[in-house]
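Below: one structure, written as structure tokens.
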Amino acid sequence: MPNSIETINNIFKAQQKHALELRKSTYKQRLALLKRFETVFNQSREKLYAAAKADYGKTEAEVDLTEIFAVRSELHHIKSNLKRWMRPKKVLPTLSTFGTSSEIMFEPKGVCLVISPWNYPYNLSFGPMLTAIAAGNTVMLKPSEMTPNMSTAIREIIEECFEPHQVAVFEGDYTVSEHLTSLPLDHIFFTGSPAVGKIIMTAAAKHLTSVTLELGGKSPTIVDETANLKKAARNTMWGKFTNNGQTCIAPDYLFVHESVKDEFVSLLNENIQKLYGDKDKIQANPDYCRIVNQRHFDRVNGLLDNAVEKGASLINGGLTDASQNFIAPTVLDNVSSDSKILNEEIFGPLLPVMTYTNLDEVIAYINAKPKPLALYIYSNHNFNINKVLTETSSGDAVINHNMLQFLHPNLPFGGVNNSGIGKAHADSGFKAFSHERSVLRDRFSTTHMFYPPYTPKVKKMIKQTIKLLT
Ligand code: NAD
């Protein structure tokens, strides 16, 4: 589909018209759209694997686990709950609204734009799109230009399922997004970096379009002196190096209690070996994917060089090959606080390890930075866990594991301030794409007794009512 401004504008107008029709859509009609997608998606597995392999060497098992499973479980959850979510929610009257009845209706927002990043293109395009369809909206979808094969696969699947006035995919670079976000949309659901999130929110402000911003940031992992170190090392290495560290909720940096550091570091090394084999063979291991492109390779490699220049030492890894956008799983020690790696989201296979002796230092460090998307703590000491949970803020938090919060269908997913605005998944996702319309019906309310003229009797009644009700 060519993305000329004229084409985009025509599809937008067609979607605006269709969105009015969709306001009347029933549960069965929405379910039929979801099932149509399900059939084509399930038939497209080979295409999905091939595109992921071509874009950044992502292996089939990881596509299954982090993309296909996520889309299918989101769809399954929506199908099982949609009828309930769509039902208007009764609201009990209060004394001051005596004689009325009320409910909350979930009406579709209208034309919704979904902009997705390159790190999990299927999951982060189809997930919000399915929720938007379930909530009765039309969707304009803009996948990332960084994974062109996966974006084309997304477009082909959508073209097989839907007409452009229902769902349309627009491939292309940021100029396409710029035009899309200039339209008077009813909602924008953006997943990407905080920097671009600000551009999106600025564009949305022009039309007061509502936004959900699923952003990134530096998610800390804390390992205290009571933690099960084996489990902490195993989970952290999986969370960090899956998708080559290109995961918004990957552990970004690590704080380990000084008393257990040496043991923990040797467990980290042991687990890298378990996951990806001997150091000199990792590059040939098909389970270890690549940095998405040269621009991001240069960025991540730059973080590594800068850290080493400023005195960091390598605990593991460090090997790079620009010709393949390859960076080995790398763990760093003695990282200087002014290194770029400690001040920018890493989004690659580098893990700086810092030590602490007093948990207050860690909490102060986290609180001095923008609020992260996720926070992980490995501990068997409830006091420490509760202290971290109550004295810090993050989009989500996980105790004694990482990344699983994204997969729990009943947990709202999203950041806070710099790491995001609004939530996805579960009924929070449905609500993000719905307008919660309050509807009050008068039956026998007595409010007219308080209308002017304000005679002494009315004034007395007003005062008595305030006293009685408040
Ligand atoms: P990005 O912000 O560079 O790009 C995201 C999307 O925005 C792409 O489709 C891109 O074409 C578009 N875009 C880029 N510049 C734009 C502009 N000026 N105007 C309008 N649109 C523009 O992000 P990315 O590099 O694709 O992804 C990595 C970032 O996404 C990381 O910060 C990561 O933490 C975050 N992320 C967050 C989540 C989440 O669920 N919270 C999930 C995945 C990734």
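Numbering (my numbering), first residue to last: 11 to 480. Idealized CB from N, CA, C, for every residue including glycine. Every value quoted in this text rests on a predicted model; they were computed, and no experiment measured them.
When the options are compared against residue i, the one with the closest alpha-carbon
i      : options                           : result
Lys34  : Lys23, Pro118 and Leu43           : Pro118
Ser187 : Pro174, Thr201 and Glu70          : Thr201
Val310 : Val270, Val275 and Pro362         : Pro362
Arg451 : Gly109, Gly146 and Arg244         : Gly109
Gly430 : Arg40, Thr222, Leu75 and Ile476   : Thr222
Ala24  : Ser90, Tyr59, Asn13 and Pro174    : Pro174
Thr457 : Gly207, Glu446 and Met471         : Met471
His86  : Glu268, Leu140, Tyr130 and Leu342 : Leu140
Pro194 : Leu218, Phe180, Phe172 and Thr185 : Leu218
His435 : Val206, Ala144 and Thr400         : Ala144
Gln26  : Cys122, Val73 and Thr340          : Cys122
Pro339 : Val179, Pro463, Asp288 and Ile168 : Asp288
Ile88  : Leu41, Ser203 and Ser347          : Leu41
Ser220 : Thr104, Val124 and Leu421         : Val124
Pro127 : Asp183, Glu268 and Val101         : Asp183
Met156 : Asp272, Gln474 and Tyr66          : Tyr66
Nearest-angstrom Cβ-Cβ length linking residue i and residue j, presumed shorter than 8 Å
i      : j      : result
Leu278 : Ile325 : 7 Å
Tyr286 : Leu352 : In fact, because the Cβ distance is near 25 Å, the residues do not count as touching under 8 Å.
Val408 : Leu417 : Actually they are not in contact, since the Cβ atoms of Val408 and Leu417 sit about 11 Å apart, beyond 8 Å.
Pro261 : Thr246 : 6 Å
Phe336 : Gln283 : Wrong, their Cβ atoms sit about 18 Å apart, outside the cutoff.
Asn147 : Phe443 : 6 Å
Phe423 : Asp406 : 7 Å
Pro131 : Ser161 : 7 Å
Ile356 : Leu313 : 6 Å
Host alpha helix (DSSP H) of residue i (start-end)
i      : result
Ile376 : Leu369 to Asn377
Ser54  : Note, Ser54: premise wrong, no alpha helix (DSSP H); not H, not E.
Ser346 : No alpha helix (DSSP H) contains Ser346, which DSSP labels as neither H nor E.
Asp315 : Gln304 to Glu319
Ala24  : Ile15 to Leu32
Ile395 : Asn392 to Glu401
Thr475 : Pro466 to Leu479
Asp437 : Ala436 to Ala442
Cys171 : Pro158 to Cys171
Ser187 : Tyr184 to Thr191
Thr219 : No alpha helix (DSSP H) holds Thr219; DSSP gives it neither H nor E.
Range of the contiguous beta strand (DSSP E) that encloses residue i
i      : result
Arg244 : Run containing Arg244: none in the beta strand (DSSP E); it sits in the alpha helix (DSSP H), Leu239 to Phe251.
Tyr366 : Leu360 to Tyr366
Val101 : Lys99 to Val101
Val270 : It is not in any beta strand (DSSP E) - Val270 carries neither H nor E in the DSSP assignment.
His197 : His197 to Thr201
Ile125 : Val121 to Ile125
Asn326 : Ser323 to Asn326
Ala178 : Val177 to Val179
DSSP beta-bridge partners of residue i
i      : result
Leu43  : According to DSSP, Leu43 bridges with nothing at all.
Gly430 : Glu224 and Asn427
Ala384 : Asp406
Tyr263 : Pro230
Asp452 : Thr110
Val149 : Cys122 and Val177
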